[in-house]
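Residue numbers (full-length UniProt numbering), protein chains in the order written: chain A, 1 to 385; chain B, 1 to 139.
Even glycine gets a Cβ: it sits at the ideal position worked out from N, Cα and C.
Every value quoted in this text rests on a predicted model; they were computed, and no experiment measured them.
Note sheet for the following structure.
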Amino acid sequence: MTDAHVVGSGIIDFGEKYEWSFDDLLEGAYLDLVESVDHGIEPTKDIDAIWYGTLDIANEGASGASVAHATGLFEKPATQIVNACATGSDAFRNAVQAVKAGDVEVALVIGAEKMLDSTEGLIGGAALERLWRGRGVTMPAFFGMRATRHMEQYDTTREQIAEVSVKNHENGTKYPHAHQQFECTVDDVTESATVSYPLNLYDCCPVTDGACAVLVTNDERAREFTDAPVRVAGYGFSTDSFMRGDDLALTNFPASRQASSMAYERSGYGPDDVDVAEVHDCFSITELITYEDLGFCEQGEAGAFIDDGVPHLDGDKPVNPSGGLLSKGHPIGATGVAQIAEIFEQLRGEAGDVQVPDAEVGLQHNIGIGRNATGAVSCVNILER
Amino acid sequence: MSGPRYHRTRAQDQRLLAFECQSCGYVSFPDERRTCKRCGDAPATFEEVRLAERGEVETFVVQEYLPDDIEVPQPLAIVDLPQADGEGESARVYGLLTETELDELSVGTEVEARFRELFDDGERPINSFKFAVPREVKR
Ligand SMILES: [Zn+2]
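Here's what the structure looks like:
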């Protein structure tokens, strides 16, 4: 069986893209990819199949036909992946599996989301639904539950949670494609408006339009496109729910533990081997508990982990050098693909002002919420230079 | 939002009816299924059990930002409700809280279900419960 390799990436600047249609987003990321493949690409000839991630929140991108319309890549298999906030990373995982199986030689993975065209807004209209009991559980509430319990159970402080946002905003000012390019302090976070106690406005990622694409191929074709391919060392995907009664699911995400265990096992690497990580930080607390779920620190030690500066850009294990979702933005279908693109650049030494020195192994992680805010999905991919 | 979906769980909403997996002891609420979320038994054998009206807050939030038609602050908790007969495991239950004062709330606070009309689906009232801190427990 062949390995799968990432051999190119393309992205548009994330932000409020009022002038851009949904197709413009897809086309922009696709063209950036086509124009940046080291040795060039003849897309209609080279690309065998497309995996396309979008929740289609703007309601204009449903089915594989949409990505063909935006890119001109017709007459090929094109599969839309929809898997909550793990949509983009799961599109990538599916492409990797097809390449490894030998069924596809060159796969385009592309994700896009137009978040800002929705008139009712995310809180009102999102997958949140009205719970069966009648009133909605919002995303900030779902994640805020973990914050309340983590603070109680492990004496994690509000300031430690806020520091995640401070760190990621600082990184985002150095990452050219980030939506929110400003720095903030712990006080800014803890004194910003309450969205859902205990989480405040600056604990939440912004609402952002964006798109990103990566190119995946096999051992035989990889050097046709670049002298510096990045190997996909492992991947995992899992689902879980706090409704199953495990107390761990009140503070953390068992799905993330399961997905990362699969990826670690498949790759032969463990958490200590990871040099750089792009993880899901839809809210500050999400990244904090993910340190534990990925095994970067012991259970209950995430507060000390960030106090010690370990996940900072100059720390021992930089997390979210791109600014994460908190700064870069979270256009859902594009989010996971953009994390893969950032790890690709990191491992090739092309990450500019946020470059982690000598990064050899990188990890990408998403956690997503579905089923009326009761279930969780997680995807983890591990790449190596 | 209207439609029949809120009416399918009337016994759960109004009488705290729950379902205990006979393989692993998991107590399902409000879902009435023939498969078990915890052990995966399929088909699983469930027995009907009643939940007690009092339980403990496992965690909570107070939502301050919601669509215009929902009043804020809107506190929400995950509460473990034991079985009424004191046997077996508790059920893990999502529920709204009447308390909005953070002083009254913490992980471990004892709350009780109070039955009431929660909202209507456009045609009919939906009767269910909210959790409240019992008077004798209030600080
Ligand atoms: Zn069972």
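Boundaries of the alpha helix (DSSP H) harbouring G28/A: 22–36, taken from the DSSP string. Checking the 7 Å criterion, the Cβ of R146/A is out of range of every heavy atom belonging to ligand 1.
Put simply, the CB of L97/B is far from chain A, with every gap to its CB atoms at 8 Å or more.
In the assembly as shown, R116/B is an exposed residue. Its beta-carbon has fewer than 16 other beta-carbons within 10 Å.
L363/A sits close to A277/A, with the two beta carbons spaced by under 8 Å. Around the Cβ of H280/A, a 10 Å sphere holds 16 or more other Cβ atoms; the residue is buried. At least one CB of chain A lies nearer than 8 Å to the CB of Q63/B. Taking non-hydrogen atoms of ligand 1 into account, the C-beta of D41/B is found less than 7 Å away from one of them.
No heavy atom of ligand 1 is found nearer than 7 Å to the CB of R15/B. DSSP lists R114/B as the beta-bridge partner residues of K130/B. Not a single C-beta of chain A is nearer than 8 Å to the C-beta of T45/B.
For S267/A, there is no enclosing beta strand (DSSP E); the enclosing alpha helix (DSSP H) has its first and last residue at 254–267.
A residue is called buried when at least 16 other Cβ atoms come within 10 angstroms of its Cβ; F131/B meets this threshold and is buried. Between L215/A and Q180/A, the alpha-carbon positions lie close to 27 Å from each other.
With respect to G111/A, G53/A sits close: the two C-beta atoms are nearer than 8 Å. Note on the segment 11–53 of chain B: whole beta strand (DSSP E) runs with a minimum of 3 residues are 17–21, 46–50, in chain order. The Cβ neighbour count for N168/A, taken over all protein chains shown within 10 Å, is at least 16; the residue is labelled buried. Counting C-beta atoms within 10 angstroms of its own C-beta, H5/A has 16 or more neighbours from the protein chains shown and is therefore classed as buried. Annotation: A113/B to E53/B spans about 5 Å, alpha carbon to alpha carbon. As a beta-bridge residue in DSSP terms, R92/B pairs with D80/B. For E58/B, the closest Cβ of chain A is nearer than 8 Å. As a beta-bridge residue in DSSP terms, I382/A pairs with G234/A, L363/A. Nearest CB-CB separation between K138/B and chain A: not below the 8 Å threshold. Taken in chain order, the complete alpha helix (DSSP H) segments of 4 or more residues contained in the segment 58–103 of chain A are 64–71, 87–100. Annotated three-state conformation of P125/B is strand, per DSSP. In the three-state reduction of the DSSP assignment, Y18/A falls in the coil class, being assigned neither a helical nor a strand state. Restricting attention to beta strand (DSSP E) runs no shorter than 3 residues, the segment 163–200 of chain A encloses them at 194–197, ordered along the chain. Cβ-Cβ distances below 6 Å link A233/A to S267, I382, E384 in the same chain, with the five nearest sequence neighbours on each side left out; the list follows chain order. Proximity of S106/B to chain A, defined by a Cβ-Cβ separation below 8 Å, is satisfied. Between ligand 1 and the CB of R38/B, the shortest heavy atom gap is smaller than 7 Å. Under the three-state reduction of DSSP, E99/B is assigned to coil, being neither helix nor strand. In the DSSP annotation of this structure, the continuous segment of the alpha helix (DSSP H) that includes I340/A starts and ends at 332–347. At a cut-off of 7 Å, the beta-carbon of Y197/A does not count as near ligand 1: no heavy atom of the ligand is closer than that. Under the DSSP assignment, A304/A falls outside any beta strand (DSSP E), being part of the alpha helix (DSSP H) whose first and last residues are 302–307.
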